[in-house]
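The numbering used here numbers the first residue of the sequence shown as 259 and each following residue consecutively.
Here a beta-carbon is modelled for each residue, glycine too, at the ideal position from N, C-alpha and C.
It should be emphasised that the depicted structure is a prediction, and the values quoted were computed from it without experimental measurement.
What follows is a set of notes on a single structure, which appears directly below.
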Amino acid sequence: MVIGKRILAALFLLAAAVAAAPGLAQTGPRTGPMAMPPRPEALATTAPAMDAPDLFAPGPRRLAALRDLAAQASPQWRRLIRWATAPERQDGKRADGPNLALGALTLAEADGRQSSALSHLAARAAADGARAGRVEQLNGATIIDGGLPWKPEEITAEGYDLLAFDGPEAAIAIKKITSTQIALASAPPTQARQGAEYLLLISDMERAGQVAEDVALTLAWGARSIDAEQQKLGARWLLAQAKVAAGRPMGCFDNQSAAALKIMALAGRVAEKLYPQPAQAMAQLAMERFERLWRPALEGMGQGGGWFGGANAGARAGLDLLLTAACQPAGPARQKLLDTPWFRDRLAALTNSLLPHVDQGPHGPYRGLRPSGGEVMPPDQAADLARIQMLLARTLLPGAAFADVAQAMLLAGDAPGVTDHRLLGLEFLLLDIDDPGLALAVAPLDHLASAVGRACSRSGWSAWDTLVAFDCGPHFVDGQRLDAASLQIYLNGPLLPRGGAEDGRLSPHAMNYALRSVAANTILIHDPTEYSWPDMGAGEMPRGTYANDGGQRAWALFGPDGKPRVKAPWTASGWENGAAPWTVLEPVYNVAAITAQGGGESWAYFKGQATAAYQGQTAKAKRVERHVFHLRPGGPDDATSAQAVVVVDDVIVARPELRPSFVLHFSQPPVVEGQMTQLAPGRLSGQARMLRAQTDGARLWVVGLRQDAQRVELFGPPAVAWVDGRGYPPAAPATDAAPWRVELTPTGPDDGQAFALVHALLPAPADAPAPPELSRLVSPDPRLAGAVIHDRFWPRVVVANLEPGDRPIAYQYPAGRSRHLVAGLRPEAEYAVTADGRLLTITPGKGLKSSAGGLLAFKLTPVAGKAPTAVAEPDMK
259 MVIGKRILAA LFLLAAAVAA APGLAQTGPR TGPMAMPPRP EALATTAPAM DAPDLFAPGP
319 RRLAALRDLA AQASPQWRRL IRWATAPERQ DGKRADGPNL ALGALTLAEA DGRQSSALSH
379 LAARAAADGA RAGRVEQLNG ATIIDGGLPW KPEEITAEGY DLLAFDGPEA AIAIKKITST
439 QIALASAPPT QARQGAEYLL LISDMERAGQ VAEDVALTLA WGARSIDAEQ QKLGARWLLA
499 QAKVAAGRPM GCFDNQSAAA LKIMALAGRV AEKLYPQPAQ AMAQLAMERF ERLWRPALEG
559 MGQGGGWFGG ANAGARAGLD LLLTAACQPA GPARQKLLDT PWFRDRLAAL TNSLLPHVDQ
619 GPHGPYRGLR PSGGEVMPPD QAADLARIQM LLARTLLPGA AFADVAQAML LAGDAPGVTD
679 HRLLGLEFLL LDIDDPGLAL AVAPLDHLAS AVGRACSRSG WSAWDTLVAF DCGPHFVDGQ
739 RLDAASLQIY LNGPLLPRGG AEDGRLSPHA MNYALRSVAA NTILIHDPTE YSWPDMGAGE
799 MPRGTYANDG GQRAWALFGP DGKPRVKAPW TASGWENGAA PWTVLEPVYN VAAITAQGGG
859 ESWAYFKGQA TAAYQGQTAK AKRVERHVFH LRPGGPDDAT SAQAVVVVDD VIVARPELRP
919 SFVLHFSQPP VVEGQMTQLA PGRLSGQARM LRAQTDGARL WVVGLRQDAQ RVELFGPPAV
979 AWVDGRGYPP AAPATDAAPW RVELTPTGPD DGQAFALVHA LLPAPADAPA PPELSRLVSP
1039 DPRLAGAVIH DRFWPRVVVA NLEPGDRPIA YQYPAGRSRH LVAGLRPEAE YAVTADGRLL
1099 TITPGKGLKS SAGGLLAFKL TPVAGKAPTA VAEPDMK
């Protein structure tokens, strides 16, 4: 491992300071070739913080507010104190420490006896995390210690696998541990003698990060009550664990690196008064790492606040970065860190990642996160961490975009708080119950995390509203799926979810189905000659090892001979550092982007570009672009208008025999409106124009808008995860929550090798009236595609111009009044709109001005007996 000169110097300073302390144990903004610039977020606030926010030392005003909440027996306090005083807390376990310490701090004036009891337990909890012992005897590489207070299996299960002594030497791996002996992998340093203190540490940074967080918060909140020797032991342990973190290679996209950075920052902050010199060196080193490794990535790909590995992985990693920021004293240093785009936009991304509905978990109700990227933890756990992350982001950046919307969602009564009791203290400290936030009726309904390519649009913010999610962005880390241009819809639960189960990253199910495009609601192009997946994370494998799902390529670029010419691992080593930097391998990883977007009160639009994702071994596609129009239900002019998601797929294939398919997944078997033939159990084929799916309380109609009927292939139990002629079901106990898959394929092209697939997806409550009639847009221009929704009062027309330019475009429009949404025009340009009773023509020239995303939204109103027969006016709704 190569470490930069500044890193070596800082580590040397730290080691020297550790040895000297008695008893102390050891590029600029970037958008990428396909990315669009971030749009400014609405609803930024200027609310001041209650104190200069300090998570580790609550100021007098905040502490007084906490004590008032306790005196008033607020719900959050009742939950915390009931938990802290339960008989199960008498063991003083590490994870209980922060809650016990904060409870003691809050009660210090009102109930000294109870406060003292909680402080005693908090001290025991800190020692349970900061594990230390003394050498009774040393036999070569084996330490004899008959006083170990922990069971060997407990030590191993919790990840303690390193041992460190006082001094500059690195921690040593533990080979085996018993109730009286610790066998090391190598000989200990010279200072390892009888009576010497040793510390048990953790090599896995995510595990170590959780332990360090618990120890640090317990020591910080218990600073007034935990005795000095226990404080010093905890500080020594934190510095030693931070030294392990500092010695590990660090990237900027993965959770291990985020945890390592947090550990270093926690040690620097919590140990600063007890061991100033090594603590300051570690804090400085943490910030040097941030500036060199993290800031360029967060500035280059942080616009919109999305996390590289997805919402679930970002629940933990995002909190780790915010805790790193919270470790900095309030002032210029912290503000400089928080000024990066990712921190500024994080609260908006978190708020918009919340699903509308509330799920029931094993410990209570929670509002989950819409799936994106890998699922590295249970959904209720991710939801809890995201909630704490929102609270901390709002505390550190009270004027951030969506701060008031986030506050309203945090106070929503249908998901009243964290379900993990270990987080009760953080929630009690950070939640301001006196601020109601923004009325959700006026909150923005769409959001774009532009750099990572994740967008969403809502019909509203209630539990019964619809969420439409669209993912179309680059790749960064292992666990992300090959799912560019994929769609999800939620209404009272998952209505159009993604497929696949979590049964292990390298399982046959994962590498052949769950991680692949076939498990996403995206586009497939089946080419039987293709093999674009030589490495699915388990090393390069020969042709035929993995199934040909017809989807997007894995992480390699192929030459004319069909062989990989540039290979990349599933996780980039960093932004500009390491063996596989993202900036160097950008042509491999940067496969997709959301290149245009726009929104109004009653609609939202996103355009995704994913051509590079399909240019694998056979370069089977010359263009793959997806246009998504979300038309919200109701409105000021037509309360009866139906909700619709119109998807226009613009695909140009490389060879005439290839066909694109729209793949969709369902939790229940869909009903196909057509003649289907059973090929085998769980596999059917036929032709149809429409299918219907239903869940508890909601339904989804899918209507294909083509002149010819499309081929329909249906897969479901027992043919679960059926790909390329065989099934790859998940290993028990994992199950696929969306085991039904439909592939919709046109029988012929629209124009040569070009396809314009148009589908209308109609989500609605299960008891809603039947949707209105739909028809495909009719135009003399083959490069215009869209749909007409024949609402009773104001029919709506959506148009995707598939060849943007200066040419006039024309299409037929419905008689009477109508609303029009046209995408694919030049941004912020003027267009003349004329209607002659049959064709509507849009020509560059004086008239209506397009948006920054190249959209025109206008109303068309008939004029009796005059030419033109209708006039267009901007539609601000």
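Check your understanding: What are the start and end residues of the beta strand (DSSP E) that includes Phe728?
Key -> Position 470 of the sequence shown, counted from the first residue, corresponds to residue 728. Membership of Phe728 in the beta strand (DSSP E) is indicated by the continuous run 724-729.
Contacts around Leu649, its chain only, beta-carbon distance under 8 Å, and the 5 residues preceding and following it disregarded: Your numbering for residue 649 matches position 391 in the sequence shown. Non-local C-beta neighbours of Leu649 in its own chain, meaning closer than 8 Å and more than five positions away in sequence, comprise Leu668, Leu684, Glu685, Leu688, Leu689, ordered along the chain.
Query raised in the report: Candidates Trp1052, Ala366, Ala837, Ala380: which alpha carbon is nearest Asn357's?
Result: To locate residue 357, count along the sequence shown from 1; it is residue 99. When each option's Cα is compared against that of Asn357, the closest is Ala380.
task: Could you tell me if Ala268 is buried or exposed, where buried requires 16 or more neighbouring beta carbons within 10 angstroms of its beta carbon?
output: By 1-based counting over the sequence shown, the position of residue 268 is 10. No answer about Ala268 holds up, because its pLDDT of 41 lies below 50 and its placement is not dependable.
- Per-residue DSSP class, three states only, for Gly509: Counted from its first residue, the sequence shown places residue 509 at position 251. The answer is coil: DSSP assigns Gly509 none of H, G, I, E or B.
Task: Exposure label - Asp1064; buried when at least 16 CB within 10 Å - done: Locating residue 1064 in the sequence shown gives position 806, where the first residue counts as 1. Around the CB of Asp1064, fewer than 16 other CB atoms lie within 10 Å, so the residue is classed as exposed.
Cβ shell of Pro1023 (< 8 Å), same chain only, five flanking positions each side left out: Your numbering for residue 1023 matches position 765 in the sequence shown. Counting only Cβ-Cβ distances below 8 Å, and skipping sequence neighbours, we find Trp722, Leu749, Asn750, Gly955, Ala956, Arg957.
Item checked: Cβ-based burial, Pro295 [other Cβ within 10 Å; buried from 16] -> In the sequence shown, the residue the question calls residue 295 occupies position 37. The predicted model places Pro295 with a pLDDT of 37, which falls under 50 and marks its position as unreliable; any figure quoted below should be read in that light. Exposed.
Suppose the cutoff is 7 Å on Cβ atoms and the five residues either side in sequence are ignored; what does the same chain contact list for Gly492 look like?
Counting from one through the sequence shown, the residue named residue 492 turns up at place 234. If we look at Gly492 and ignore the five residues flanking it on each side, its Cβ neighbours are Ala384, Ala388, Val473, Leu477.
field: Test item: CB-CB of Val886 and Tyr863 under 8 Å
entry: Counting from one through the sequence shown, the residue named residue 886 turns up at place 628. Counting from one through the sequence shown, the residue named residue 863 turns up at place 605. Result yes, Cβ atoms of Val886 and Tyr863 sit closer than 8 Å.
Is the region 530-545 in contact with the region 565-580, if contact means three or more CB pairs nearer than 8 Å?
Touching, no.
So for Ile460, helix, strand or coil by DSSP? Within the sequence shown, residue 460 is the residue found at index 202, counting from 1. Assigned with DSSP and collapsed to three states, Ile460 falls in strand.
Taking the beta strand (DSSP E) that Tyr1089 falls in, what are its first and last residues? In the sequence shown, counting from the first residue as 1, residue 1089 sits at position 831. Its beta strand (DSSP E) spans residues 1088-1093.
inquiry  = For Met545, list the residues DSSP reports as bridge partners.
reply    = As a position in the sequence shown, residue 545 is number 287, starting the count at 1. According to DSSP, Met545 bridges with nothing at all.
Check your understanding: Are there 16 or more other CB atoms within 10 angstroms of the CB of Lys433, so buried, or fewer, so exposed?
Key -> Within the sequence shown, numbered from 1, the residue matching residue 433 stands at position 175. Counting the other CB atoms within 10 Å of its CB gives Lys433 a total below 16, which places it among the exposed residues.
Grab the span of the beta strand (DSSP E) containing Phe1013 for me, first residue to last. On the sequence shown, position 755 is the one that residue 1013 refers to. Segment 1012-1023, the beta strand (DSSP E) holding Phe1013.
Local conformation of Met667 per DSSP, three classes: For the purposes of this step, residue 667 is taken as the residue at position 409 of the sequence shown. Met667 falls in the helix class under three-state DSSP.
Any idea if Leu764 is buried or exposed, counting beta-carbon neighbours within 10 angstroms, 16 or more meaning buried? For the purposes of this step, residue 764 is taken as the residue at position 506 of the sequence shown. By the 10 Å Cβ count, Leu764 comes out exposed.
According to DSSP, residues forming a beta bridge with Met794:
Within the sequence shown, residue 794 is the residue found at index 536, counting from 1. Met794 is not bridged to any residue.
Buried or exposed, going by whether 16 or more other CB atoms sit within 10 Å of the CB of Lys520? As a first step, residue 520 must be located in the sequence shown, where it is residue number 262. Buried: at least 16 other Cβ atoms inside 10 Å.
Under the three-state DSSP convention, the category Glu299 falls into: The count along the sequence shown starts at 1 and reaches residue 299 at position 41. Here the model assigns Glu299 a pLDDT of 41, short of 50, so the residue's position is not dependable, and the following value carries that caveat. Of the three classes helix, strand and coil, the one that applies to Glu299 here is coil, per DSSP.
Next on the checklist: Measuring CB atoms only, is the region 622-631 touching the region 594-601, in the sense that at least three cross pairs come out at less than 8 Å?
Outcome noted: Of all C-beta pairs linking the region 622-631 to the region 594-601, fewer than three are shorter than 8 Å, placing the two stretches out of contact.
Rounded to whole angstroms, what is the Cα-Cα separation between Glu1061 and Val1036?
By one-based count along the sequence shown, residue 1061 stands at place 803. By one-based count along the sequence shown, residue 1036 stands at place 778. Separation of Glu1061 and Val1036 (C-alpha to C-alpha, rounded to the nearest whole angstrom) is 16 Å.
Worksheet item: Under a Cβ-count criterion, where at least 16 other Cβ atoms within 10 Å of its own Cβ denotes burial, should Arg336 be classed as buried or exposed?
Response: Walking along the sequence shown from the start, residue 336 turns up at place 78. The Cβ neighbour count for Arg336, taken over all protein chains shown within 10 Å, is under 16; the residue is labelled exposed.
Span of the alpha helix (DSSP H) around Lys490
Residue mapping note: residue 490 aligns to position 232 of the sequence shown, counting from 1. Counting along the chain, the alpha helix (DSSP H) containing Lys490 begins and ends at 486-504.
Out of Leu396, Pro928, Leu497, Ser715, point me to the one whose CA is closest to Gly425's CA.
Position 167 of the sequence shown, counted from the first residue, corresponds to residue 425. Ranking Leu396, Pro928, Leu497, Ser715 by Cα distance to Gly425 puts Leu497 first.
Query raised in the report: What three-state label does DSSP hand Gly572 in the structure shown?
Result: Residue 572 sits at position 314 when you count from the first residue of the sequence shown. Gly572 falls in the helix class under three-state DSSP.
Excluding the 5 residues flanking Pro287 on each side, which residues of the same chain have their C-beta closer than 8 Å to its C-beta? Walking along the sequence shown from the start, residue 287 turns up at place 29. Confidence in Pro287 is poor, its pLDDT being 34 and thus under 50, which makes the residue's placement unreliable; the coordinate value appears in the next sentence. Exclusion of the five residues before and after Pro287 leaves Glu557, Gly558, Pro599 as the residues of its chain whose Cβ lies within less than 8 Å of its Cβ.
Keeping to the same chain, check which residues put their C-beta closer than 6 Å to that of Leu360; ignore five residues upstream and five downstream.
Here residue 360 refers to the residue found at position 102 of the sequence shown. Apart from sequence neighbours up to five positions away, the residues of its chain that approach Leu360 with a beta-carbon distance below 6 Å are Trp479, Gly683, ordered along the chain.
Roughly how many angstroms lie between the CA atoms of Met522 and Ala529, to the nearest whole one? Locating residue 522 in the sequence shown gives position 264, counting from the first residue. Locating residue 529 in the sequence shown gives position 271, counting from the first residue. So the alpha carbons of these two residues sit roughly 11 Å apart.
Q | Close beta carbons around Arg392, own chain, < 8 Å, minus the five adjacent residues each side | A | To locate residue 392, count along the sequence shown from 1; it is residue 134. Asp403, Gly405, Gly453, Ala454, Glu455, Tyr456, listed in sequence order.
- Short Cβ contact (8 Å threshold) for Asp704 with Ala989: Counting from 1 along the sequence shown, the entry for residue 704 is found at position 446. Counting from 1 along the sequence shown, the entry for residue 989 is found at position 731. Not a contact, by the Cβ cut-off of 8 Å.
| query | Using a Cβ-Cβ cut-off of 6 Å (strictly less than) and excluding sequence neighbours within five positions of Lys490, which residues of its own chain qualify? | reply | Along the sequence shown, one-based indexing puts residue 490 at 232. Excluding positions up to five away in sequence, the list reads Leu532.
Does the Cβ-Cβ distance between Ala1043 and Val1080 come in under 8 Å?
-> Locating residue 1043 in the sequence shown gives position 785, where the first residue counts as 1. Locating residue 1080 in the sequence shown gives position 822, where the first residue counts as 1. Taking 8 Å as the cut-off, the beta carbon of Ala1043 is found no closer than this to the beta carbon of Val1080.
**Close-in-space but distant-in-sequence residues of the same chain around Val930 (CB under 6 Å, 5 per side omitted)** = Within the sequence shown, the letter at position 672 stands for residue 930. Here the set comprises Ala946, Leu949, Val970.
- Query: How about Leu1083 and Tyr1089: do their beta carbons lie closer than 8 Å?
  - Reply: Taking the first residue of the sequence shown as position 1, residue 1083 is located at position 825. Taking the first residue of the sequence shown as position 1, residue 1089 is located at position 831. Taking 8 Å as the Cβ cut-off, Leu1083 and Tyr1089 qualify as a contacting pair.
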